[in-house]
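Report on the following structure.
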Amino acid sequence: MAAHAQGIIHRDLKPSNVMLTWDGGVKVLDFGIARLGEDAPAAGGGLDPDHTAVFIPESEESFQPAFTGRGKVVGTAGCMSPEQARGEEVSVASDMYSFGLLLQELFTGKPPYPLDLGAFELLKEVQKGRTLPVTGIDAHLTDLIERLKSLAPENRPSASEALQQLLWIGDKPRRRNRALAIGLAVLLVAAGVVKYTWDLRQERDAAVRSRQAAELSRRQGDEIAGFLTDLFKVSDPGETRGSTVTARELLDQGARRVRRDLREQPPVQAHLLDTIGQVYFKLGLYDEARPLLEDALKIHRQPGGDPLDLSDSLEHLALVDQAQSRPEAEARFQEALRLREGRLGRRHPEVAKLLSNLGVLYAMRGEMPRAEGLFREALAIREAALGPWHPDVAISLNNLGMARSAQGDNRQAEALLLRGLKIRERALPPEHPDLAANLEALAVLYDDEHRLAEAVRLHRSALAIWEKVLGPAHPRTALILTNLANALAADPEKGGEAETLLRRAIRIREKALGAHHPQLASSLRSLADLCRDQRRYAESEALYRRALAIYNAAYPPTHPERRALLKGYATLLRAMGRAVQAKAMEREAETRT
């Protein structure tokens, strides 16, 4: 009740997370995948010769500060609500469903699902809310459990209502065993003190935890809880003498303290380094994220570590490599894939996520057929494991659609993107950033087909969402600014607005990504095209030269973006009367091998 009153949703309420204390109290453990009732960021990425395509690199749930509930299945399958298993919005009512499952097992002595179900079969049963019937117990208690397991969240009792019902049932004449069980249930639902852990890695292994592992988890949870308690003292006016502490200052303080105070606890230190590094990444602070994730990776590589922890750590650092166009990304993704596939098998949704991320990397390098193969495999895995309406399926549809568009198949691309958009609209609220990614992908497609009015409308809708959620200076916001400017530039009367947007995108990318990043070159090239069309030839050539230098350092000669720039530069040279240079540049642009 206390956690729900603060808007905190546990999302993994199960018997192993409930512990009796020596004094007869009850503690709810492992709030590691809990979230508050408000959501925030997601992902995007990019490449296209004329517009920046919206391929979606996929980060861990914990990569998303405060965004954990929708689009990803997080928690233990046999203990979660149907909406959570479907990757939809979760609420305190989702915890109440899990509480009903817990009560069913507590009072009947049997789990709520058949024990012979495989992982994917179990997930499908959970998604449909099909549990074993409650039998052999008090009728009033049976009624309470069944109401807690209502398929519609709005029909489930609240924590306070369940508490009152349990107290009423407990007052009836009863056997001693039932009294003890009722007492445990009442203590659980009324527990006012919870231990928070910050182990944000999603549980994916169905194996039962050993007692030794549970004790280790409890100790680590206590250590992390104490660390967080001390850390958040810096936001107490009594500690700061009335000065205001920003979220960024709190994050920086946390990073320093993890390094300083947790040296003797490597597993705890690694998880917190990884967590804070992921938050920096999601804020677009890649240089700040890198050293934390590198240190976490070193710890996870030590003998005796969990291969899945190591796989996660490799993937997190590879995403930073990818964002910064560093060559190490592919090797890290490949190693993470080998580890994860070895533990979970090729057909697991978590393996699909790595296949998807590797595909995005190849797409950004211009290797579209290679990327498409991985996108198709990820899509097939997800549809088989999660069903056709899961939000993760929409990610694969988006990426596959952009790959088809980049290869000239706009008809199939639009069908894929519209299907993905329909899934997202069904699962997500209208201002969710994942929905914006789909809108932007469609806008880029419509740009390519010269459906400019539709494209501009979608660009503006996506921009409004990402500015609100990610902020006006985030690198992903610069992606849409550049794309919107390219669409506006087709109308000579909108040239002024297009230039303003491009210069803003350039400032964002210079600050966030540095002076030599290919995404910066994309905005520079767009501004060079605009200046050329406005006959500002000297300014245009300077911009082309700067962008070409970046592409030459980052991409092979045949990369689509580099070839597109050469064609634009050649057009400028012809307009300036330098036909010989223009012809040579055109020949280079046509070279594909």
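Residue numbering for the sequence shown is 126 to 718, as defined by our numbering.
Beta carbons: idealized from backbone N, C-alpha and C, even for Gly.
Since the model is a prediction, treat every value here as computed from it, not as a measurement.
Looking only at C-alpha atoms, which of the options sits nearest to residue i?
| i | options | result |
| --- | --- | --- |
| L525 | P392, P685, R501, S275 | R501 |
| D658 | S648, R688, L697 | L697 |
| Q378 | I401, G596, E497 | I401 |
| P685 | A653, A531, L606 | A531 |
| S219 | S436, R381, A277, N523 | A277 |
| L626 | M489, L606, D241, E213 | L606 |
| E250 | V259, P239, T260 | P239 |
| A640 | V215, A540, S450 | S450 |
| E666 | Y680, E279, P681, R699 | R699 |
| D573 | K547, L604, N608, A695 | N608 |
| E214 | R551, V404, L288, Q403 | R551 |
To which residues of the same chain is residue i closer than 6 Å at the C-beta, ignoring the five residues directly before and after it?
| i | result |
| --- | --- |
| E622 | L613 |
| L560 | R549, L553 |
| E713 | L691 |
| Q252 | P207, A210, R211 |
| M221 | L273, R281 |
| G484 | A496, L499, F500 |
| E664 | C656 |
| R632 | none |
| A637 | G409, P600 |
| Q229 | P237, V259, I270 |
| F180 | G170, V485, A488, N524, M527 |
| A603 | A630, I633, R634 |
| Y669 | A653, Y694 |
| P432 | L464, R468 |
So residue i and residue j are in contact, right, with Cβ under 8 Å, and what is the actual spacing, rounded?
| i | j | result |
| --- | --- | --- |
| A587 | E565 | 4 Å |
| D399 | A421 | 4 Å |
| A580 | A568 | 5 Å |
| A461 | E475 | Actually they are not in contact, since the Cβ atoms of A461 and E475 sit about 10 Å apart, beyond 8 Å. |
| S521 | A538 | The Cβ separation is near 14 Å, so there is no contact. |
| A380 | L417 | 6 Å |
| R388 | Q394 | 7 Å |
When burial is assigned at 16 or more other CB atoms within 10 Å of the CB, is residue i buried or exposed?
| i | result |
| --- | --- |
| L408 | buried |
| T716 | exposed |
| R457 | buried |
| V705 | exposed |
| R529 | buried |
| K708 | exposed |
| G283 | It should be pointed out that residue 283 corresponds to Ser in this sequence rather than to Gly. The residue is exposed, with fewer than 16 neighbouring Cβ atoms inside 10 Å. |
| D268 | exposed |
| K497 | Reading off the sequence shown, one finds Glu at residue 497, where the question assumed Lys. Answer is buried; the Cβ neighbour count reaches 16. |
| L499 | buried |
| L673 | buried |
| W293 | exposed |
| D412 | exposed |
| R465 | buried |
| K478 | buried |
| T683 | exposed |
| G467 | exposed |
| L257 | exposed |
| H584 | buried |
| D241 | exposed |
| G545 | buried |
| P392 | buried |
| H265 | exposed |
| R373 | exposed |
| G429 | exposed |
Given residue i, which residues of its chain have a CB within under 7 Å of its CB, disregarding the five upstream and five downstream residues?
| i | result |
| --- | --- |
| M701 | Y662 |
| E508 | V518 |
| M493 | A528, A531, Q532 |
| E271 | V259 |
| H515 | R211, G212, R507 |
| E183 | A168, K478, S481, N482, I520 |
| L435 | H425, R426, L464 |
| V445 | F406, Y411, A414, R415, L418 |
Counting only the same chain and skipping the five closest in sequence on each side, list residues whose C-beta sits under 8 Å from that of residue i.
| i | result |
| --- | --- |
| E635 | L645 |
| G512 | R211, K249, Q252, V518 |
| Y571 | L577, E579, A580, L583 |
| L125 | Past the edges of the chain, shown from 126 to 718, lies residue 125, and the structure says nothing about it. |
| Y680 | R490, G491, P643, E686, R687 |
| T233 | V259, T260, G261, I262 |
| G470 | V476 |
| R671 | A646, L649 |
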